[in-house]
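Only one structure is covered here, and it is reproduced in the block below.
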Amino acid sequence: MTTQSTTAPRTMTWVGGADGYLRLIDQTKLPVEFVELECRSVEDVWQAIKQLSVRGAPAIGVAAAYGTVIGLQSAVGGTADEFDARRREVTDYLASSRPTAVNLFWALNRLNRLAETLGDLTPTQQLDRLLEEARAIEDEDREMCAAIGRHGAELLKDGTGVLTHCNAGGLATAGDGTALAVIFAAAAQGKTLQVFADETRPLLQGARLTTWELQQRGVPATLICDSMAGWAMKEGRIQAVITGADRIAANGDAANKIGTYSVALLAKAHGIPFYVAAPSSTFDLELPTGADIPIEQRDPAEVTHGFGRQTAPEGIGVYNPAFDVTPAELIEAIVTEHGLIRPVTTEQIAATLAAGASA
Ligand code: MRU
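Taken in order, the sequence shown gives residues 625 to 983; the numbers are from the numbering used here.
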């Protein structure tokens with residue numbers, strides 16, 4: 625179901641108690657229309673993630689946590705075993721929506737691990753507890769964004785031209801974003817920044833979402849086509865690059881929106897620091913390197929018929945990976961909620977995350 629709104633609510637909001645539903649901004653409609661979706665079934669949540677109504681690694685994790693609660697609402701009248709079986713079915717189903725952003729699996733695993741300790745409770749009590757946990761995931765995400773902003777702001781000096789790719793802003797999280805949180809925090813310190821937003825073909829998250837967010841927050845922004853980034857660097861317009869990430873391997877190789885790797889190479893060629901901003905929930909320490917990060921392949925029509933208009937001949941072969949992997953050696957620093965990881969090495973990552981987890 626769809627409703628129109630004139631106010632600017634959060635990326636997503638849980639409405640009601642354990643029998644409630646998830647309301648989220650339909651990001652496929654921005655910036656032209658502000659429309660919210662009401663997800664009242666687990667299929668609604670799956671579809672919202674798949675079609676990118678809700679997107680961005682941390683936001684996908686939060687949506688999946690609430691989606692689990694929605695999927696379990698129909699099981700509270702059954703036995704504890706039936707509730708358990710339904711939970712596994714629901715989390716497996718949500719896990720099948722998109723493969724790359726590890727925050728999705730992180731959130732689902734967190735709920736499953738918790739549920740496994742709740743055997744003494746009735747299904748109704750378990751559902752209440754799972755909703756509490758989903759809310760905690762959302763609240764913690766908001767705090768992580770704020771901390772990333774605080775730690776990263778020092779990287780952007782007054783007068784910096786900063787390039788970002790895709791959307792790693794509030795729309796991609798429950799808070800202020802990751803890469804954009806750094807920009808917002810630096811701007812809040814009174815620094816004058818000129819943000820360049822890559823358009824981000826084929827789905828234009830940079831053009832549609834990042835520039836919209838920057839405009840709303842009053843941060844000067846300039847939109848460029850992806851192919852202009854190298855020239856803008858050559859002309860001296862850009863002094864730093866910062867992006868988000870969807871999954872970071874133990875050695876720091878970072879998957880992010882397709883095109884990020886090219887931007888990192890361009891930054892290297894021009895001697896410009898390339899930064900990644902991401903919460904600890906985006907790290908996948910089970911993968912030693914980025915070589916095993918699963919890369920989502922999306923519908924060829926996104927390339928040939930973007931936004932409804934045919935731009936390529938019928939029948940043309942298309943390759944449409946949604947993400948690429950930037951090797952750690954191209955990343956100057958990773959900004960996390962626990963501080964900066966610099967240099968980006970397996971040891972430094974392990975030490976920062978372990979210290980943060982025990983703090
Ligand atoms: O396909 P999307 O729009 O979900 O891709 C999003 C990105 O690549 C973001 O940069 C990433 O998830 C980080 S969001 C804080």
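Yeah, the Cβ is synthetic: ideal placement off N, Cα and C, and Gly gets one too.
* Asked: Apart from the five residues just before and just after V911, which ones in its own chain have a Cβ nearer than 8 angstroms to its Cβ?
  -> Looking at the sequence shown, residue 911 is not Val but Leu. For L911, the CB contacts under 8 angstroms within the same chain, skipping 5 residues up- and downstream, are R871, A873, A874, I917 in chain order.
* **Pairwise C-alpha distance: D705 and G930** => So the alpha carbons of these two residues sit roughly 46 angstroms apart.
* Secondary structure of E1029, DSSP reduced to three states -> Absent from the structure is residue 1029, since the part of the chain shown begins at 625 and ends at 983.
* Going by the beta-carbon positions, is the gap between T788 and A803 smaller than 8 angstroms? -> Going by C-beta atoms, T788 is nearer than 8 angstroms to A803.
* Report back the beta-carbon spacing between A901 and V806 to the nearest angstrom; my notes put them in contact at under 8 angstroms. => Rounded, the Cβ-Cβ distance is 5 angstroms, consistent with contact.
* To do: Would you mind reading off the limits of the beta strand (DSSP E) that contains Q675?
  => It is not in any beta strand (DSSP E) - Q675 carries neither H nor E in the DSSP assignment.
* Asked: How about N733 and I684: do their beta carbons lie closer than 8 angstroms?
  -> In terms of Cβ geometry, N733 and I684 do not form a close pair [threshold 8 angstroms].
* Asked: Considering only C-alpha positions, which residue in the set L780, A725, G776, L735 is nearest to T715?
  -> Nearest of L780, A725, G776, L735 to T715, Cα basis: L735.
* Asked: Which residues in the same chain as A845 place their Cβ atom closer than 7 angstroms to its Cβ, once the five residues preceding and following it in sequence are excluded?
  -> Excluding sequence neighbours, A845 sits near V819, A821, T835, L838, Q839.
* Distance, Cα to Cα, C663 vs A758? -> The alpha-carbon atoms of C663 and A758 are separated by roughly 15 angstroms.
* **Where R679 falls, given that 16 or more other Cβ within 10 Å makes a residue buried** => Buried, because 16 or more other Cβ atoms sit within 10 Å of the Cβ of R679.
* **Nearest-angstrom Cα separation, counted from A760 out to G868** => In this structure, the straight-line span from the alpha carbon of G868 to that of A760 is close to 22 angstroms.
* Asked: Does the distance from the CB of T692 to the CB of L661 come in under 8 angstroms?
  -> Between T692 and L661, the gap from beta carbon to beta carbon reaches 8 angstroms or more.
* Give every residue whose Cβ lies closer than 5 angstroms to any heavy atom of the ligand MRU, listed in chain order. => Qualifying residues, in the order they occur: R679, G680, A681, C790, A792, A796, T802, Q829, G868, D870, N880, K881.
* **Sub-8 angstroms separation of Y899 and E956 beta-carbons** => Yes, they are a contact pair.
* Asked: Expressed to the nearest angstrom, what Euclidean distance is found between the alpha-carbon atoms of G644 and T748?
  -> About 13 angstroms.
* Asked: For V843, which option in G783, K892, A853 has the closest C-alpha, if you only look at C-alpha atoms?
  -> The residue with the shortest Cα to Cα distance from V843 is G783.
* Which whole-angstrom value is the C-beta distance of V927 and A952, which I expect to be below 8 angstroms? -> Not quite, the Cβ-Cβ distance comes to about 29 angstroms (not below 8 angstroms), so this is no contact.
* Hey, could you find the ends of the beta strand (DSSP E) N880 is sitting in? => Segment 878-881, the beta strand (DSSP E) holding N880.
* Under the assumption that I862 contacts G785 (Cβ atoms under 8 angstroms), give the Cβ distance between them as a whole number of angstroms. => A Cβ-Cβ separation of about 5 angstroms places I862 in contact with G785 under the 8 angstroms criterion.
* Asked: According to DSSP, is L646 helix, strand or coil?
  -> The three-state reading of DSSP puts L646 in strand, counting E and B together.
* Determine the direct distance from the alpha carbon of L890 to that of E764, and round the result to whole angstroms. => Taking the straight line from one Cα to the other gives about 34 angstroms.
* Alpha-carbon to alpha-carbon, I848 and G830 -> When rounded, the distance between both Cα atoms is 9 angstroms.
* To do: Select from L780, K781, D800 the residue whose C-alpha is nearest the C-alpha of E767.
  => Ranking the options by Cα distance to E767, first place goes to D800.
* Between I673 and R712, what straight-line distance do the alpha-carbon atoms span, to the nearest angstrom? -> C-alpha separation (whole angstroms): 19 angstroms.
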